[in-house]
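Undergrad:
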Amino acid sequence: MRIKTIAMVSMYFVPLIAIISGALASHLWLFYAAWIVMGAGLVGIGTSVMHDSNHGAYSTNKFVNKSLGGLLNILGGFAPNWRIQHNILHHTYTNLAGLDEDIEGTKLLRMSPHQPLEKYHRFQYLYCWPLYCIMNLYWITVKDYRLLLRYEKNGLLVKEKLTLKQAVLKLSLLKVFYVGYILVLPLLFSGVAWYHILFGFLILHVIAGFSLAVIFQPAHVMEEAEFPAPDDNRKMENSWAVHQLLNTVDFAQNNKLVSWFIGGLNFQIEHHLFPHVCHVHYPALAKIVEGTANEFGLKYQSVPTFRGAIYKHGMMLKALGRS
Numbered sequence: 001m002r003i004k005t006i007a008m009v010s011m012y013f014v015p016l017i018a019i020i021s022g023a024l025a026s027h028l029w030l031f032y033a034a035w036i037v038m039g040a041g042l043v044g045i046g047t048s049v050m051h052d053s054n055h056g057a058y059s060t061n062k063f064v065n066k067s068l069g070g071l072l073n074i075l076g077g078f079a080p081n082w083r084i085q086h087n088i089l090h091h092t093y094t095n096l097a098g099l100d101e102d103i104e105g106t107k108l109l110r111m112s113p114h115q116p117l118e119k120y121h122r123f124q125y126l127y128c129w130p131l132y133c134i135m136n137l138y139w140i141t142v143k144d145y146r147l148l149l150r151y152e153k154n155g156l157l158v159k160e161k162l163t164l165k166q167a168v169l170k171l172s173l174l175k176v177f178y179v180g181y182i183l184v185l186p187l188l189f190s191g192v193a194w195y196h197i198l199f200g201f202l203i204l205h206v207i208a209g210f211s212l213a214v215i216f217q218p219a220h221v222m223e224e225a226e227f228p229a230p231d232d233n234r235k236m237e238n239s240w241a242v243h244q245l246l247n248t249v250d251f252a253q254n255n256k257l258v259s260w261f262i263g264g265l266n267f268q269i270e271h272h273l274f275p276h277v278c279h280v281h282y283p284a285l286a287k288i289v290e291g292t293a294n295e296f297g298l299k300y301q302s303v304p305t306f307r308g309a310i311y312k313h314g315m316m317l318k319a320l321g322r323s
């Protein structure tokens, strides 16, 4: 984990330093290559370092987890929002429409059969991909503030021991810091025209947004997932563990490069059942979980390849857009 952490953090900050220093001013192809590498580094930090840390799974040391989880704060995000949306809502209410915010991102996409069907959803399997590309930009500019207001209204912000005023102030200062080093410093010192900097910034977030979407969405928005709804008494048919198993899909389990780079998030079943376990243990856990599922006659759902998972996710969006 230490080597991976150093590698991912370096992929983001070393190119950034090179850009700000002006070392790439005479070589635009290297300048743009640096933004591309930063995009990959941002994905790697998010999936391999920050994700485990904010689950308390990176280390047994709480300070280490909090510090590395806080990397999100200097990458344009806000760790308290992430922990509420992901740890509390997504992991507790996986694939439950109206509760799991991972499938409630925008009305332009219908990600559950329990969500309203609009005429334009018929084409969502086509326009979802460019939407995924701007997902990160939306998050760092607008979504974080909208989430704060919603979490305060729903009494969730207190889970992070923050008042709305404190959270807005902290978030705003972090956004100013982020814009300062990612845009203002390059504008002042890179020696490159402003439009190249802006385009590089867009490249960074297009890579990050698309990559994160196609890593996370195929784990749940798939034909294999069940998308259950509570009964009239607001009770679920299955236990929490069975619910996670039936609404989560693994992919590319045998692809070690994918597993390494995306922090084991191709083993989403294992992650959902054991969120406080570091992702390096998921391949071994997968064999145990699959064997136990078979023993009790439960479905263990896995797609052989990453490409196959993305394709099946697209086909699921096509089906959800038509009925």
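Residues in the sequence shown are numbered from 1 upward in steps of one, following UniProt numbering.
No residue lacks a Cβ here, since even glycine has one placed at the ideal position from N, Cα and C.
Whose C-beta lies closer than 7 Å to the C-beta of Leu-89 among residues of the same chain, with five residues either side of it excluded?
TA: Leu-99, Asp-100 and Glu-101
Undergrad: Bridge partners for Ser-302 per DSSP, in chain order?
TA: Asp-250
Undergrad: In this structure, how does DSSP classify Cys-128 when only helix, strand and coil are distinguished?
TA: The answer is helix: DSSP assigns Cys-128 an H, G or I state.
Undergrad: In chain order, what residues of the same chain lie with their CB nearer than 8 Å to the CB of Lys-62, ignoring the 5 residues before and after it?
TA: Answer for Lys-62: Gly-56, listed in chain order.
Undergrad: Inspect the beta-carbon positions of Asn-95 and Ala-213 and report whether they are closer than 8 Å.
TA: no
Undergrad: Can you tell me whether DSSP reads Ala-225 as helix, strand or coil?
TA: Judged by DSSP in its simplified three-state form, Ala-225 adopts coil rather than helix or strand.
Undergrad: Leaving out five residues on either side along the sequence, give the residues of the same chain with a beta carbon under 6 Å from the beta carbon of Asn-136.
TA: His-205, Ala-208 and Gly-209
Undergrad: Determine the closest residue to Gly-22 out of His-272, Leu-257, Leu-185 and Ile-269, with distance taken between C-alpha atoms.
TA: Cα-wise, what sits closest to Gly-22 is Leu-185.
Undergrad: Use the C-beta contact count for Thr-47: other C-beta atoms within 10 angstroms, 16 or more gives buried, fewer gives exposed.
TA: buried
Undergrad: Okay, do the segment 71-91 and the segment 137-152 touch, 3+ Cβ pairs below 8 Å being the bar?
TA: yes
Undergrad: Could you have a look at Thr-163 and say whether DSSP puts it in helix, strand or coil?
TA: coil
Undergrad: Examine the ligand FAD and report whether any of its heavy atoms sits within less than 7 Å of the Cβ of Ala-208.
TA: Judged by which ligands are present, the structure shown has none, so any question about the ligand FAD falls away.
Undergrad: Rounded to a whole number of angstroms, what is the C-alpha to C-alpha distance between Leu-171 and Leu-71?
TA: 14 Å
Undergrad: What three-state label does DSSP hand Val-277 in the structure shown?
TA: coil
Undergrad: Could you tell me if residue 355 is buried or exposed, where buried requires 16 or more neighbouring beta carbons within 10 angstroms of its beta carbon?
TA: Because the chain here runs from 1 to 323, residue 355 falls outside it and cannot be looked at.
Undergrad: Can you tell me where the alpha helix (DSSP H) with Pro-218 in it begins and where it stops?
TA: That residue, Pro-218, is in no alpha helix (DSSP H); it is neither H nor E in DSSP.
Undergrad: With three or more beta-carbon pairs closer than 8 Å as the criterion, would you say the segment 228-236 touches the segment 177-194?
TA: no
Undergrad: Smallest Cα separation from Leu-198: which of Tyr-32, Leu-24 and Thr-92?
TA: The shortest Cα separation from Leu-198 among Tyr-32, Leu-24 and Thr-92 belongs to Tyr-32.
Undergrad: Roughly how many angstroms lie between the CA atoms of Gly-41 and Ala-319, to the nearest whole one?
TA: Straight-line Cα distance between these residues: approximately 34 Å.
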